[in-house]
Structure formats: C-alpha cells, structure tokens
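Student:
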Amino acid sequence: MSTPPADAAIAAPAPSQPPSSPAIRAETPAPPAGLATPTPRNRLIGAACALLAIGIWGGWIVSTRHAVAGHMSPATVGFLRFVVPALVLAPAWWRVGIWPRRALIPYLLCFMGSGALFFLLVGNAMRFVPAADVGPLLPGTMPLVVALISVVVYRERLGRWRWLGFALIALGGLALGGRGLLAHADGAWRGHILLVTCAVLWAGYTLAFRRTGMSATELTGLIGLWSAVLLAPVGLPGAIAAVEAGHGLEIAQLVLVQGLGSGVIALIAFGTAIARLGSSRAAAFTGLVPALAATLAVPLLGEHPDAAAMFGIAATGCGVVLASGALQRGRTG
C-alpha cells in the first residue's frame, strides 16, 4: 500500500515506520525509551495521529484501485506516489547520500518490500480484486508472515492471545483465497497471489528496517528517490498524457493522496502514534484499515463486499488487534 509504517513485528504497515525498541526496566514504571509519558493528553494525541494515518491508508487503497482499474497504469500511479516523498524528504536522504554506504542488503530488502517493485505488484493485483480484498490480504497478512519468520528463524515465543490473533488472520486470508479459487473465472486468484507475495516482501522490509541504520525519513526518502528514478521512464510520460487527456484533477488528487498523504503525512502521524501510545497499541489501530477501505469503496467505487470479504475483514481486523499484543496487561511497547 504505499507502504504504511511497519511496526516492530506486527504493524502494518505505511511503509515506512521505524520499529519501536523499548528499553524495559523491571524496577521502574518509567515508559520505554522513546515513548512519551502515558498521560491522557498523550493518549489522545496518539490515538488521533493513529486514526489520521489509518484514514490515509484506507483512502490510499481506494485511490489506487480506482486509478489502476481505470486509465492509469501502475507505473504512473507509482511514480506519483514516490516522487513526492523523494522531493519533500530530500534533506533527510541527502544526509545519507544517494546510495547507502553500509548495510546494503538490508536496504535492498527494504526497497523490494516498499519501493517500485512492491508498488507495481500491488497496483497490478488491484486490477483483479476489489478494494475489500486488499486490506485482509496485504496489511492483514503481513504481520502473520513476520510472526512465522520470527518464530522459525529468531525463536521468538508468542503468547496464546497472539497465536489466536495470527490464527484469525490466517482464517481471514483463507476465506478470501478459497473464494478466489472457487470463483476462478473472474481472475481474482491472480490478485490474491500478488497481494500475498507483496505481504511477504513487506515482511522483509519490516524485519530488515532496524539493520539499515537509517531513520524512517531517511529510508523512506531514499526509497522514494530510486523508485521515482526507476518508474520515471514510463510513469512520467503516463502522467503527462493523462493531463493532456483532461485528467489533471485526478493527477492532482493522486499527488495529494498517494504522495503527500501516504508518503509523508501518514509516516509522521503513525510515528507520533508509536511515540505516544507504544508500538503494540499503535499497531492495533491498523486492524481498522480493511474495514475502512471496504467502507470507502462502497460510495466511491460502487464495490459492495460479499460474505467472504466481510468475514475476511472481521477476522483479520480482530486478529491484528490480538496479535499486536495491545490487549495484554501492562504491555506498552
């Protein structure tokens, strides 16, 4: 999706957020390092920022679906998505340089999981599936992939509530995948495969982020720079042709929603939410993305979710909340 922020091991998504790394001390109730004091004002600000980011991501799904299902190519939409953060965040990536001097492999994993390739796959997937399917299979499935890798590779131990959450996420994905296989004539199964592939790539971004040694703005700006460069040969002429064909207003809307909204504002907003609420509680808000995208798609796209989509949305939404650990007593990070 425009790479919504990737929270430590569960958040979805933004592309684009540094995982929180709380320093837990058994003797003191002080908040983890980098986490604001949990006052009512901070909770209110954190919740407002999280809801702002969620609203932008839900709009991003509908905006992308509308564009690629119409007269815009995924490359054109992707160019508009990345050129804005590349320009706005230029002071950040300029400090790093146009190419990372170290941690090249983690950077390449992050680029594959949130850059041009990721967007092209998502954009092409949305040509086959309605907006209601995107939420459960992309921001919903990504945490499940991260958890599986963390358990198998890093031997992370999960509590039973988190296991239940991941089971619900898997059940929601299976409901949509099963419907796609049963009704294979409409080609939705192609989009489902592409979305799950994107979830795996995004999981790689989430796990590699810490190892890049960059801040969220530096990494997002650098990924935006190279993505815009790679997509420019096709995306820029496509954008110019769309303006000449009388679609200038739609181009402006894409720049605002895709580039400025999802690429910059959601990044800052969700980062603020993590700082004010803690990573797990901020991650719990991402469970609203599938339902919001499906709701917006009804009046804006005329797409009405079927029973499988509604079940998938409910299952993955509840699963993300449980898997985030936000409901565990005493958990803040």
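My numbering puts the first residue of the sequence shown at 32, with every later residue one more than the last. Backbone N, C-alpha and C define an ideal beta-carbon position, used for all residues, glycine too.
Just checking my contact of LEU152 with LEU225 at CB under 8 Å: how many whole Å lie between their CB atoms?
Tutor: By 1-based counting over the sequence shown, the position of residue 152 is 121. By 1-based counting over the sequence shown, the position of residue 225 is 194. Right, their Cβ atoms sit about 5 Å apart.
Student: For SER246 and ARG193, what's the separation of their Cα atoms in angstroms?
Tutor: Counted from its first residue, the sequence shown places residue 246 at position 215. Counted from its first residue, the sequence shown places residue 193 at position 162. Answer to the nearest angstrom: the Cα atoms are 28 Å apart.
Student: Go through its chain and collect everything with a Cβ distance to ARG126's Cβ below 8 Å, but skip five positions before and after it.
Tutor: Here residue 126 is taken as the residue at index 95 of the sequence shown, counted from 1. Only GLU249 meet the Cβ criterion.
Student: Span of the alpha helix (DSSP H) holding GLU281?
Tutor: Residue mapping note: residue 281 aligns to position 250 of the sequence shown, counting from 1. Its alpha helix (DSSP H) spans residues 279-285.
Student: In whole angstroms, what separates the C-alpha of THR317 from that of PRO170?
Tutor: One-based indexing of the sequence shown puts residue 317 at position 286. One-based indexing of the sequence shown puts residue 170 at position 139. Distance between the alpha carbons of THR317 and PRO170 is about 8 Å.
Student: Helix, strand or coil: how does DSSP classify VAL160 here?
Tutor: Position 129 of the sequence shown holds residue 160. Note: VAL160 maps to coil in three-state DSSP.
Student: Which residues bound the alpha helix (DSSP H) around ARG133?
Tutor: Taking the first residue of the sequence shown as position 1, residue 133 is located at position 102. Element bounds for ARG133: n/a, residue is neither H nor E.
Student: Pick from VAL177, GLY196 and VAL260: whose alpha carbon is nearest that of TRP233?
Tutor: The residue given as residue 233 occupies position 202 in the sequence shown. Ranking the options by Cα distance to TRP233, first place goes to VAL177.
Student: Could you pull out every residue in the same chain whose Cβ sits closer than 7 Å to the Cβ of ALA263, ignoring the five residues on either side in sequence?
Tutor: For the purposes of this step, residue 263 is taken as the residue at position 232 of the sequence shown. Cβ neighbours of ALA263 beyond the five flanking positions: PHE110.
Student: Under a three-way DSSP split, which group does LEU267 fall into?
Tutor: Counting from 1 along the sequence shown, the entry for residue 267 is found at position 236. It is helical.
Student: Between PHE113, THR347, ILE136 and CYS80, which lies nearest to GLY146 when the distance is taken from Cα to Cα?
Tutor: The residue you call residue 146 lines up with position 115 of the sequence shown. Checking every option, the nearest Cα to that of GLY146 belongs to PHE113.
Student: Out of GLY154, ALA78, ALA198 and CYS141, state which residue places its alpha-carbon closest to the alpha-carbon of ALA98.
Tutor: The residue given as residue 98 occupies position 67 in the sequence shown. Selected option, being the one with the closest Cα: GLY154.
Student: Could you check whether GLY292 and GLY90 sit closer than 9 Å to each other, using their CB atoms as the reference points?
Tutor: On the sequence shown, position 59 is the one that residue 90 refers to. On the sequence shown, position 261 is the one that residue 292 refers to. Taking 9 Å as the Cβ cut-off, GLY90 and GLY292 qualify as a contacting pair.
Student: Does THR68 come out as helix, strand or coil in the three-state DSSP assignment?
Tutor: Sequence index remark: in the sequence shown, residue 68 carries index 37 (1-based). Coil at THR68, not helix or strand.
Student: Select from PHE142, ILE282 and PRO268 the residue whose C-alpha is nearest the C-alpha of THR237.
Tutor: Sequence index remark: in the sequence shown, residue 237 carries index 206 (1-based). Out of PHE142, ILE282 and PRO268, PHE142 has the C-alpha closest to the C-alpha of THR237.
Student: Going by alpha carbons, who is nearest to ILE87 out of GLY208, GLY166, ILE296 and GLU334?
Tutor: Counted from its first residue, the sequence shown places residue 87 at position 56. Of the candidates GLY208, GLY166, ILE296 and GLU334, the one whose C-alpha sits nearest the C-alpha of ILE87 is ILE296.
Student: Can you tell which of HIS278, VAL351 and LEU202 has its C-alpha closest to the C-alpha of ALA314?
Tutor: Mapped onto the sequence shown, residue 314 falls at position 283. Ranking the options by Cα distance to ALA314, first place goes to VAL351.
Student: Inspect the beta-carbon positions of GLN284 and VAL115 and report whether they are closer than 9 Å.
Tutor: Taking the sequence shown and counting its residues from 1, one reaches residue 284 at position 253. Taking the sequence shown and counting its residues from 1, one reaches residue 115 at position 84. No. Outside cutoff.
Student: So THR95 packs on MET157, CB below 8 Å; how close in whole Å?
Tutor: The residue labelled residue 95 in the question sits at position 64 within the sequence shown. The residue labelled residue 157 in the question sits at position 126 within the sequence shown. The pair is a contact, with the Cβ atoms about 6 Å apart (cut-off 8 Å).
Student: Can VAL93 and ALA328 be called in contact, C-beta distance under 9 Å?
Tutor: The sequence position of residue 93 within the sequence shown is 62, counting from 1. The sequence position of residue 328 within the sequence shown is 297, counting from 1. In this structure, ALA328 lies closer than 9 Å to VAL93 by Cβ.
Student: Apart from the five residues on each side of it in sequence, which residues of its chain come closer than 6 Å, Cβ to Cβ, to THR107?
Tutor: The sequence position of residue 107 within the sequence shown is 76, counting from 1. The residues are GLY266, GLY269 and ALA270.
Student: Figure out for me which residue from PHE150, ALA163 and ALA123 has the closest Cα to the Cα of ALA345.
Tutor: Here the question's residue 345 lines up with position 314 in the sequence shown. For the residues PHE150, ALA163 and ALA123, the minimum Cα distance to ALA345 belongs to ALA163.
Student: Using the rule of at least 16 other Cβ atoms within 10 Å of the residue's Cβ for burial, across every protein chain shown, is GLY277 buried or exposed?
Tutor: Here residue 277 corresponds to residue number 246 of the sequence shown, with the count starting at 1. The residue is exposed, with fewer than 16 neighbouring Cβ atoms inside 10 Å.
Student: On the criterion of 16 or more Cβ atoms from any shown chain inside 10 Å, does LEU75 qualify as buried, or is it exposed?
Tutor: Walking along the sequence shown from the start, residue 75 turns up at place 44. Under a 10 Å Cβ-count criterion, LEU75 is classified as exposed, with fewer than 16 other Cβ atoms of the shown protein chains found around its own Cβ.
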